[in-house]
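Participant: Before anything else, here's the structure in question.
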Amino acid sequence: EATVPPGGGPPPHYHTREEESFYVLEGEVTFTVEGRTIVGRPGSFVQLPREAPHAFKNTSDIPAKMLIQCTPAGFEEF
């Protein structure tokens, strides 16, 4: 589980090994994926393929909570 403060999120980046998935629990998170915008609200699931340039930002005024999954395993060693 990850908590992202209002206005928070990483800069654009990509992963060469992992696919990344997000399940939004609280707040509103705007994902930018390969130039497209996806607005994630509680209950939204977003899956990103490896090597897809992406970023996300908490666009709500409360901390956003998400479950984040990276596959295959090993990202925790980064």
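Counting from 1, position 74 in the sequence shown corresponds to residue 816 in the numbering used here; the numbering is continuous, with no gaps.
Built from N, CA and C at the ideal position, the CB exists for glycine as well.
All values reported here derive from a predicted model rather than from experimental measurement.
Starting from the C-beta of H757, find all residues in its chain whose C-beta is less than 6 Å away, skip the five residues before and the five after it, and write them out in chain order.
Facilitator: Walking along the sequence shown from the start, residue 757 turns up at place 15. Excluding positions up to five away in sequence, the list reads R792.
Participant: For G782, list the residues DSSP reports as bridge partners.
Facilitator: Reading the sequence shown from its first residue, position 40 is the one you call residue 782. Partner(s): V771.
Participant: In the DSSP assignment, the beta strand (DSSP E) including T745 goes from what residue to what residue?
Facilitator: Locating residue 745 in the sequence shown gives position 3, counting from the first residue. That run of the beta strand (DSSP E) goes 744 to 746.
Participant: Looking at the structure shown, is E760 part of a helix, part of a strand, or coil, going by DSSP?
Facilitator: Numbered from its first residue, the sequence shown carries residue 760 at position 18. DSSP places E760 in coil when its eight states are reduced to three.
Participant: Can you grab the Cα-Cα spacing for the pair P748 / P805, in whole Å?
Facilitator: Sequence index remark: in the sequence shown, residue 748 carries index 6 (1-based). Sequence index remark: in the sequence shown, residue 805 carries index 63 (1-based). About 5 Å.
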